[in-house]
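**Q** Residues 248 to 456, numbered by the numbering used here, are exactly what the sequence shown covers, in order. The beta-carbon is built from N, C-alpha and C at its ideal position, and this holds for glycine as well.
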Amino acid sequence: MSDAQDTLPDRRTTYHHGDLREQLLDVVRELVETHGPEGFSVAEAARRAGVSTAAPYKHFKDRTDLMNALVSKAMDRMAAQMAQGRDRFEAGTYESVAGIGQAYIDFAKDEPGIFRLMFGLTEGHEDQEVLQQKGEDCFGIVVEDCARFLDTAPESEAARRAAYILWTNVHGHAFLSIDNKKKTEAKALEDWDFLMTVSRAVLDASARG
């Protein structure tokens, strides 16, 4: 057994009958952060939770189902943090849009393994209506604040276009940050400066049409 595995807590002392599903999700979340989404088995998760290797399948159809559930909870956390980042500032401003982006980047830095899983999970993902909707809900937070800035409806092409350009810029920066692949100039750029620069550029260009 690796030293990294030994650093993970054994949950058998905290497991109580009836909460195994959440217990397993907590354990798998830790394993993903330590070993990556492919670096562990369901059997290892069961051992960490202190249950039999058959027990997880009472709550999840298979490994993919378990990973989808993990991503679903992660999307909930990310959406909540994005909304909190927005609400730190007056709605529909450069700062509120940047606040959403800061929360997104912070989530990636705090949970890099889960963040990679969220955007690298493909098996069965396209058929998961709940996950698709949660992804749209996260995007919708950006769309709605862009719409406020542009004084237009969230359904408008202008709001969705601005939100998409902002999302892709912030998403790329987040991945470069957690993968340590930023060039010298990017390493010297503070997240907030980056976010405010991008927010001003995209929103102003969108406002001009």
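Could you round the C-beta distance between Val318 and Met365 to whole angstroms and report it? I think they count as a contact, below 8 Å.
**A** Going by Cβ atoms, the distance from Val318 to Met365 rounds to 5 Å, so yes, they are a contact pair.
**Q** Whole angstroms is fine: what's the gap from Ala452's alpha carbon to Cys393's?
**A** C-alpha separation (whole angstroms): 12 Å.
**Q** Look at the alpha carbon of Leu436 and the alpha carbon of Gln375, and state the distance between them as a whole number of angstroms.
**A** Cα to Cα, Leu436 sits roughly 37 Å from Gln375.
**Q** In whole angstroms, what is the alpha-carbon distance linking Arg295 and Glu269?
**A** Distance between the alpha carbons of Arg295 and Glu269 is about 13 Å.
**Q** Which word fits Asn315, buried or exposed, when buried means at least 16 other C-beta atoms lie within 10 angstroms of its C-beta?
**A** By the neighbour-count rule (16 or more Cβ atoms within 10 Å), Asn315 is buried.
**Q** Would you list, in sequence order, the uninterrupted alpha helix (DSSP H) runs of no fewer than 4 residues that lie entirely inside the stretch 338–422?
**A** Fully enclosed alpha helix (DSSP H) runs of 4 or longer: 341–357, 359–367 and 376–397.
**Q** Can you look up Asp334 in the DSSP assignment and give me helix, strand or coil?
**A** Three-state DSSP puts Asp334 in a helix.
**Q** Between the C-alpha atoms of Gly348 and Ala321, what's the straight-line distance to the nearest angstrom?
**A** Rounded to whole angstroms, Gly348 to Ala321 spans 16 Å at the Cα level.
**Q** Can you name, in chain order, every residue of its own chain whose Cβ lies under 6 Å from the Cβ of His263, other than the five neighbours on each side?
**A** Low confidence applies to His263: its pLDDT is 47, below 50, so where it sits in the model is not reliable enough to give any reading.
**Q** Let's see if you can read the secondary structure: which residues bound the alpha helix (DSSP H) around His306?
**A** No alpha helix (DSSP H) contains His306, which DSSP labels as neither H nor E.
**Q** Tell me which residues share the same chain as Ala345 and place their Cβ nearer than 6 Å to its Cβ, disregarding the 5 neighbours each side in the sequence.
**A** Excluding positions up to five away in sequence, the list reads Leu442, Met443 and Ser446.
**Q** Determine the direct distance from the alpha carbon of Asp384 to that of Arg458, and round the result to whole angstroms.
**A** Here the chain covers residues 248 to 456 and nothing more, so residue 458 does not appear.
**Q** Pair every Cβ in the stretch 266–285 with every Cβ in the stretch 303–314, then say whether three or more of these pairs are closer than 8 Å.
**A** As far as the Cβ criterion goes, the stretch 266–285 touches the stretch 303–314, which means the pair count is three or higher.
**Q** Under a three-way DSSP split, which group does Phe441 fall into?
**A** Residue state, collapsed to three classes: helix.
**Q** Under the rule that 16 or more other beta-carbon atoms within 10 Å means buried, what is Ser299, buried or exposed?
**A** Looking at its Cβ environment, which holds fewer than 16 other Cβ atoms inside 10 Å, Ser299 is exposed.
**Q** Could you please give the first and the last residue of the uninterrupted alpha helix (DSSP H) stretch that includes Asp273?
**A** Leu267 to His282 is the extent of the alpha helix (DSSP H) around Asp273.
**Q** Are there 16 or more other CB atoms within 10 angstroms of the CB of Gly332, so buried, or fewer, so exposed?
**A** By the 10 Å Cβ count, Gly332 comes out buried.
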